[in-house]
Amino acid sequence: MNIAVSGKGGVGKTTISAGLAYLFQANGRKVLAVDADPDANLGLALGFSPQEMSVVKPLVELQEVISSKSAGGGVLVDLNPEIEDVLEEYSLSRGLIRLIRMGGVKQAGSACYCKESSFLNAVLTAVLFDRPETVVLDMSAGIEHLTRGTASGVSVMLVVTEPTQASLRTALEVDRLADDLQIPRVIFLGNKIRNARDRAYLESALPRQKLAGLIPFSENILLHSQSPGSGFSLDCLLPGIESVCNQLIGG
782 MNIAVSGKGG
792 VGKTTISAGL
802 AYLFQANGRK
812 VLAVDADPDA
822 NLGLALGFSP
832 QEMSVVKPLV
842 ELQEVISSKS
852 AGGGVLVDLN
862 PEIEDVLEEY
872 SLSRGLIRLI
882 RMGGVKQAGS
892 ACYCKESSFL
902 NAVLTAVLFD
912 RPETVVLDMS
922 AGIEHLTRGT
932 ASGVSVMLVV
942 TEPTQASLRT
952 ALEVDRLADD
962 LQIPRVIFLG
972 NKIRNARDRA
982 YLESALPRQK
992 LAGLIPFSEN
1002 ILLHSQSPGS
1012 GFSLDCLLPG
1022 IESVCNQLIG
1032 G
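For any residue, its number in my numbering is found by taking its place in the sequence shown, counting from 1, and adding 781.
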């Protein structure tokens, strides 16, 4: 199962991605947690320290290595036979969870991510999506990853939204683009719900059959996010995220 977690920036994608990864692990599943956001924070949400994260090379650095091996051939020539060694070098592991960073933030004023996006899309489609682990992708904010087709190989698109007009607009656009990419399953998750008005707002705006749940705002999550690298515990799980995980496992 390959799950992409998407939505507008700040809605809680990374926290939800980390929570799902740990719940899949608790169910005995090996997890490949992929940070596909250039502003990579999934590792911190998973409880890795800033020091640990600083030594993890982003997978995009493989581009030159693969290009030299392919000698003008396919982008992934000779990569598959060595994928375990590659993942070992470009990942961090804890328990049944293996973390991979796809890219990194460029310097100000540098070129766009077009070339890197094409490469990473090829890696995801040809290698990472064809593995036995449950893959959880923390996507970049907004819709650009969909317009570039980065998530075209996923089996489930989990779209996170807050009870705001801007967040909801992005969520519905993600749904439309996911349909264009023929992603088999798209579900919505409302996050940071503070009161009945927030709940009613999302329930009236989202298709009921696609709404996986509404997660209340959590002070525990806020406190944990202020202490990166402090480890992951049950207190780090958003209330109600277990139900979402069970829905994903149950299909």
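Cβ coordinates follow ideal geometry from the N, Cα and C atoms, glycine included. Owing to the predicted nature of the structure, the values given are computational and were not obtained by experimental measurement.
For the pair Gly793 and Glu865, the Cα-to-Cα distance works out to about 31 angstroms.
Taking the CA atoms as reference points, Ile996 sits about 15 angstroms from Gly791. Excluding five sequence positions before and after Asp956, the CB atoms of its chain that fall closer than 7 angstroms to its own CB belong to Val940, Val967, given in chain order. Unbroken beta strand (DSSP E) runs of no fewer than 3 residues, entirely contained in the region 907–979, are found at 915–919, 937–942, 966–974, following chain order. Per DSSP, reduced to three states, the secondary structure at Pro819 is coil, with no helix or strand assignment.
Taking the Cα positions, Glu842 is about 43 angstroms away from Glu984.
With the rule of 3 Cβ pairs closer than 8 angstroms, the region 933–947 does not count as touching the region 829–839. Of the candidates Ser798, Ala903, Lys991, Ala903 places its Cα closest to the Cα of Ser933. Note: Ala802 is not bridge-paired with any residue in the DSSP secondary-structure output. Pairing Val867 with Asn783 gives a Cβ-Cβ distance that is not under 9 angstroms. By the Cβ neighbour-count rule, Asp911 is exposed, with fewer than 16 other Cβ atoms within 10 Å of its own. Separation of the CB atoms of Phe829 and Leu877 is rounded to 15 angstroms, and the pair is thereby denied contact status at 8 angstroms.
In this structure, the CA atom of Ser874 is about 20 angstroms from the CA atom of Leu1018. Excluding residues up to 5 positions away in sequence, Lys811, Val812, Leu813 lie with their Cβ nearer than 7 angstroms to the Cβ of Glu914 in the same chain. Within the same chain, and ignoring the five residues on either side of Arg980 in sequence, the residues whose Cβ sits closer than 6 angstroms to its Cβ are Ile974, Leu995. Straight-line spacing of the CA atoms in Asn976 and Gly1021 works out to 15 angstroms. With contacts defined as CB atoms closer than 9 angstroms, Val935 and Leu958 fail to qualify as a contacting pair. Per DSSP, Gly994 lies in no alpha helix (DSSP H); the unbroken beta strand (DSSP E) holding it starts and ends at 992–997. For Met920, the closest alpha carbon among the candidates Gly800, Met883, Glu869 is that of Met883.
If you compare the alpha carbons of Ala799, Leu804, Val786 with that of Ser1024, the shortest gap goes to Leu804. Taking 9 angstroms as the cut-off, the beta carbon of Met938 is found no closer than this to the beta carbon of Ser798.
Residue range 783–788 is occupied by the beta strand (DSSP E) that includes Ser787.
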